[in-house]
Amino acid sequence: MHAQGAAAPLPPAGGRGIVFDAVSVAYQHSVVLDDFSLRVEAGEFMALIGPSGSGKSTALRCVAGFTQPRAGRIFIGNSDVTKVPPYQRGIGMVVQNYALFPHMKVEDNVAFGLQAQGAPKERIARRVHECLRLVGMSAYQGRYPRQLSGGQQQRVAIARALAIEPRVLLLDEPLSALDAQIRRAMVEELSSLHQALPELTVLYVTHDQTEALTLADRIAILRGGKLSAVGPSHALYQQPPNRFSAEFLGNANLLPVVCEPASDANAGAVQFAGTRLSTQAHALAPGSAALLCVRPHALEVVDAGCAMANVLHGTVQSEYWHGEQQTLRVECAGAVLRVSAPPHLTLPPVGARISVRFDAALATVVPDDASGSQGRADAAL
Amino acid sequence: MTPRLHAAPLWVLPPLLLLGLVFFYPLSLILAQAFAPGTGGVTGWEHFAHILGTPLFQHALLHTVQIALSATCACLLLGTVLALLMSFVPFPGVGLFSRLIETYIALPTFLLTLAFTFLYGSAGMLNGALVAALRLDAPPLDFLYSMGGVLLAEVTAFTPFVLRPLLASFSQFERAQIEVASSLGARPWHIVRRVILPAALPALLAGGSLCLLLTVNEFGIVLFIGAKGVVTLPMLVYELAIQEGDYVSACSIALVNIVISMALYLFYKAVLGRLGGALAGLV
């Protein structure tokens, strides 16, 4: 993990990549995107996630050309497209409510972009056929959008965006309007689509961390118009660089701890309620206040007499059964821990004293910054 | 419920009788007069056919159709451009402009023509300014007292009838369609032609057919302007009935006017019903 200077200029992206170079957007007196820099490599699937109002959709709209930055530049490939109108940017875009043209049949919707660009009829017919086949909608090409389900309409919207062979594909919360079951299926289909089109650069805006973790090669977390953290999905999940990332991505347990000198260079140590706990290596000074980040599934219920390291003792406050798993809320020295357990396990009743433990490799130490990453340099993995 | 249903015919009888007296009876008189026998043993049908064959009627019909179609096309064009600008290229004061247009619909057309006389008439402000500026002996602009003047007044009076349903339609238009179309490479005119106007087709047809209905029957503007040689069907009915006292001929022409109006009205209702009147905000 390392800190990245927020204002460091980024060179143009090669091929079909995207670069945000110190982009700021403000509506009247409200800053929506603040000195935002990010590089999306060609062929990469990048997810922008963050709470409502974090600026993720604004960032995407800057790439599309629908929002003009107050400062900074946008690159697609080697071209500075900051001042280029949307119809000349060569992008495909899919939005939450599909935005299919209701008076056109499926095949005409998919053909729209190529027709607008004056492509030869043979190429249009070929691309319409290819793209509808890619999204499994060939059998529906003669139907109108109103004759399709939500999931089918979104497939058509994706085919329409891909038909023009875009330099980049922008997806703005594309699954938000679908019900949970169809959304899960569509996530798998989008994953397959990315594997089928490895050269396609995708910028995917979502507030759903599961979608981001499933689909993205890398994830950028935005907060209050600033980049809070960016990194490969697995690394960002397992080693969140700051409190906000830990809470937003995966809703981690955060225990207030004090850093202690580590016994070796590849490990870290902290103290929680008088107990020394081993963690991943960290760069925080001994004696400084910090937060220990442990995911609910990294905690396991053990016997009270367990002699292993990293054991915490507490009282069961409540239990929740979710079908695929169950969750315990355990009060532990004034802090509350969430512990995930498989559904078949018989858990101690509410009020019982239990012990839980975790592996040092699954425990990350982040600075105890009450405001998350705001005001700090952007964190990158 | 049953007793009330059985009693219903008795209750509806008085209003029906009143309606018949004030509406259907005068219409039936026109119908009867239109087919009344002429002088010298000419039957009603022969007289009716004779009236329809006169150059006076045919010129009036031609002028009516010419003015109605031209004014409707111009209203559609102007209304569409204005609605597109007001909806998709918002400018300061657009709300006030929209409300003014709604108020405009309530004004009688002859008042508008009177204003036009002050503006563009021989002694109007425009001619007065041009005469003073160019030191002319006579007013240079004379278009108000021609078919062009009638068209200008009708387009001004009836464009709001196209504009209003279009604005209602555009207000429900999904803006994301425009953005997606633009991202796919479509330029603004292509988006207007392929995406926006097809969605506004019901509103266009509704506004256009209403405009056609109003322009076919417009009387005040044509009378007030008094354009030389511009006689429409309503004007001809007025001249024959009021000025010449030829009620039979006037009723024959009025019958044709009624048939055209009813056909246009039925078309207007069909458009509203079948092509999404709810979308146009009119039903």
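From first to last, the protein sequence lines are chains A and B.
Heads up, the first sequence is in this note's numbering, so the first residue is 9 and it goes up one at a time.
Heads up, the second sequence is in this note's numbering, so the first residue is 5 and it goes up one at a time.
C-beta atoms are modelled at their ideal positions from N, C-alpha and C, and glycine is treated no differently.
Limits of the alpha helix (DSSP H) - the one that residue 101 of chain B falls within = 98-109
Apart from the five residues just before and just after residue 74 of chain A, which ones in its own chain have a Cβ nearer than 8 Å to its Cβ?
-> 94
Got a sec? Which residues, its chain only, sit under 8 Å from residue 154 of chain A by beta carbon, not counting five neighbours each side?
-> 110
Does DSSP classify residue 360 of chain A as helix, strand or coil?
-> coil
Would you list the one or two residues that DSSP bridges to residue 27 of chain A?
-> According to DSSP, which records beta bridges pairwise, residue 27 of chain A is partnered with A/47, A/83.
is_contact[residue 158 of chain A, chain B] using C-beta, thresh 8 Å | no
Decide yes or no for the touch test of the stretch 76-88 of chain B against the stretch 155-163 of chain B: beta carbon pairs closer than 8 Å, at least 3 of them.
-> Counting Cβ pairs under 8 Å, three or more are found: they touch.
Same chain, Cβ closer than 6 Å to residue 108 of chain B, five either side skipped, listed in chain order | Cβ within range, chain order: 164.
Is residue 192 of chain A closer than 8 Å to residue 98 of chain A when the C-beta atoms are compared?
-> No, they are not a contact pair.
Rounded to the nearest angstrom, how far is the Cβ of residue 392 of chain A from that of residue 180 of chain A, given a contact under 8 Å?
-> Since the displayed chain A opens at 9 and closes at 389, residue 392 of chain A lies outside it and no answer follows.
Where does residue 250 of chain B fall in DSSP's three states?
-> coil
Pair within 8 Å by beta-carbon distance, residue 241 of chain B and residue 68 of chain B = no
Hey, residue 118 of chain A and residue 139 of chain A are a contact pair by Cβ (cut 8 Å); roughly how many whole angstroms apart?
-> 6 Å
Check whether the stretch 206-215 of chain A touches the stretch 119-136 of chain A, taking contact to mean three or more Cβ pairs, one atom from each stretch, closer than 8 Å.
-> no
For residue 160 of chain B, does the three-state DSSP call read helix, strand or coil?
-> helix
Proximal residues of chain A, C-beta to C-beta of residue 180 of chain B below 7 Å = 103, 105, 107
Through-space distance from residue 181 of chain B to residue 327 of chain A, alpha-carbon basis = 46 Å
Which runs of the alpha helix (DSSP H), 4 residues or longer, sit entirely within the stretch 91-171 of chain A?
-> 114-124, 129-142, 158-171
Once you ignore the five residues that flank residue 296 of chain A on each side, which residues in its own chain have a CB closer than 6 Å to its CB?
-> 267
For residue 239 of chain B, the first and last residue of its enclosing alpha helix (DSSP H) = From DSSP, the alpha helix (DSSP H) with residue 239 of chain B extends over 237-242.
Stretch pair the stretch 253-265 of chain A + the stretch 337-357 of chain A: three plus CB contacts closer than 8 Å = yes
Taking DSSP as the reference, what is the three-state secondary structure of residue 71 of chain A?
-> Here residue 71 of chain A carries a helix assignment [DSSP, helix/strand/coil].
Indicate whether the contact test is met: 3 or more Cβ pairs, each with one atom in the stretch 77-91 of chain A and one in the stretch 30-42 of chain A, closer than 8 Å.
-> Flag = yes, the stretch 77-91 of chain A and the stretch 30-42 of chain A touch.
Check distances from the C-beta atoms of the stretch 183-202 of chain B to those of chain A and list, in chain order, the residues that come in under 9 Å.
-> Result list: 183, 184, 185, 186, 187, 188, 189, 190, 191, 192, 194, 195, 198, 199, 202.
Measure from the alpha carbon of residue 292 of chain A to the alpha carbon of each residue in A/172, A/203, A/375, then state which is nearest.
-> Closest option to residue 292 of chain A, judged by alpha-carbon separation, among A/172, A/203, A/375: A/375.
Residue 285 of chain A - containing alpha helix (DSSP H), residue span = It is not in any alpha helix (DSSP H) - residue 285 of chain A instead sits in the beta strand (DSSP E) that spans 283-288.
To which residues of the same chain is residue 235 of chain B closer than 7 Å at the C-beta, ignoring the five residues directly before and after it?
-> 63, 64, 67
Taking only the alpha-carbon atoms, compute the straight-line gap between residue 91 of chain A and residue 123 of chain A and give it to the nearest angstrom.
-> 24 Å
State the Cα-Cα distance for the pair residue 95 of chain B and residue 228 of chain B, rounded to the nearest angstrom.
-> 35 Å
Residues in the stretch 58-75 of chain A with C-beta within 9 Å of chain B's C-beta atoms, listed in sequence order?
-> 69, 72, 73, 74
Residue 211 of chain B versus residue 168 of chain B - alpha carbon distance = 8 Å
Close beta carbons around residue 72 of chain A, own chain, < 8 Å, minus the five adjacent residues each side = 94, 97, 99, 101, 178
Could you give the DSSP three-state label for residue 321 of chain A: helix, strand or coil?
-> strand
Could you check which residue in B/38, B/222, B/139 has the C-alpha nearest to that of residue 73 of chain B?
-> The residue with the shortest Cα to Cα distance from residue 73 of chain B is B/222.
Among residues of its own chain, excluding the 5 on either side of residue 188 of chain B, which ones have a beta-carbon nearer than 6 Å to its beta-carbon?
-> none
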